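Step one of this worksheet: look at the structure below.
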Amino acid sequence: MTITQEVQTDAPRPAPIIEVRNAAKRFSVNGQSLTVFDGVSCAIPQGAFLSIVGPSGCGKSTLLKLISGLEAPSGGEILFNGAKVTGPAQGMIYVFQQYTKSIFPWRTVIQNIEFGLNSHKKKLSRSARADLCRHYVKLVGLEGYENYFPYQLSGGMQQRVVIARALICEPAVLLMDEPFSAVDALTRAILQELLLKIWQTIPVTILFVTHDVEEAVFLSSRIISLSKSPAKIHEDVAIDLPYPRDQIATRADERFHELRQQLFASIFLQEKGGAPGASPSVKA
Ligand SMILES: Nc1ncnc2c1ncn2[C@@H]1O[C@H](COP(=O)(O)OP(=O)(O)OP(=O)(O)O)[C@@H](O)[C@H]1O
Ligand SMILES: [Mg+2]
């Protein structure tokens, strides 16, 4: 998997795996209508690692929920592999920020991971289920901890369980809403590298919401920055840093700092109330 999907060429582009077409979302709050966004459109190619950033409350999580089918749009439509999303779609998995709430405390690591197989496309034999569980335990680096209960694991290890449980049903799209915000900085750096390794190993498209611009630049092939509510796509930036990425070498790259600075300035000026157009927009 490379970032070449984002690069302009004359070759015909493959159909996007996700298309957001003119999406709007309004909520009714205490009898008043709140427009979170209106007229948001984007096309996400298969295999992308796309992050969504933007000021707090601008609608990042809402956009992710619309794409996943957990929330219905008030206008426009979402297409997944060309088909309109009308509810939680098979092939898309949503990973919430609060990992402690999404794993079962009474199940061991392996039992939690195996639970993900309930939404697997195929009916699997007992031995195939066991093989898959072993494979995903290894992929997330939890060998030796199979029979531990969540309370016996660190936060980072619990988040690995959540990732393995999401991946075991082989989703085409993994939607992650601030998945690493509750772990310490070092664990976060390790989980970021792990996620990139997984993304480069298996054919999955990742949509990742984060507050952390550095995290977005480190991980992504493309970043969408939303403006303050009612949100619009303010910037759509191709991250032209080579893969595989490395916490030390990538963060030392001058281009990493340029991209981080550009995105940070854009979000910070909006949060402070500056003009949304204050930072130049780079089109992917
Ligand atoms: N179910 C709901 N009912 C009413 N309003 C909602 C609902 N969900 C979200 N909102 C509102 O929509 C707006 C966008 O919320 P959202 O959670 O998508 O923002 P966000 O960008 O993810 O914020 P944060 O960065 O703080 O996580 C907020 O004003 C929020 O209050
Ligand atoms: Mg959010």
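Adding 19 to a residue's 1-based position in the sequence shown gives its number in the numbering used here.
C-beta: ideal position from N, C-alpha, C; glycine also.
Predicted, not measured: the structure shown is a model, and the values here were computed from it.
Secondary structure of aspartate 150 (DSSP, three-state): helix. What you get when you keep residues with a C-beta closer than 7 Å to any heavy atom of ligand 2 is Lys79, Ser80, Asp196, Glu197, Val228.
Remark: the shortest separation between the CB of serine 93 and any heavy atom of ligand 1 does not fall under 7 Å. When only Cα atoms are considered, glutamine 51 and glycine 73 end up about 24 Å apart.
For serine 80 and arginine 145, the gap between their C-alpha atoms comes out near 37 Å.
Secondary structure at tyrosine 113: strand, using DSSP grouped into helix, strand and coil. Between phenylalanine 68 and isoleucine 129, the alpha-carbon positions lie close to 27 Å from each other. Note on proline 263: under 16 other CB atoms within 10 angstroms of its CB, so exposed under the neighbour-count rule. The alpha carbon of glutamine 281 has as its nearest neighbour, out of Ile267, Gln109, Lys251, Ile242, the alpha carbon of Ile242.
Going by DSSP, leucine 85 is part of the alpha helix (DSSP H) stretching over 79 to 87. Taking the CA atoms as reference points, serine 60 sits about 16 Å from arginine 45.
Residue pairing by DSSP places aspartate 57 opposite no residue, since no beta bridge is assigned to it. Judged by their CB atoms, leucine 210 and glycine 175 are nearer to each other than the 8 Å cut-off.
For serine 47 and threonine 54, the gap between their C-alpha atoms comes out near 9 Å. For the pair leucine 186 and serine 246, the Cα-to-Cα distance works out to about 31 Å. Excluding residues up to 5 positions away in sequence, Phe168, Pro169, Tyr170 lie with their Cβ nearer than 8 Å to the Cβ of proline 124 in the same chain. In this structure, DSSP gives lysine 251 a state outside helix and strand, which the three-state scheme calls coil.
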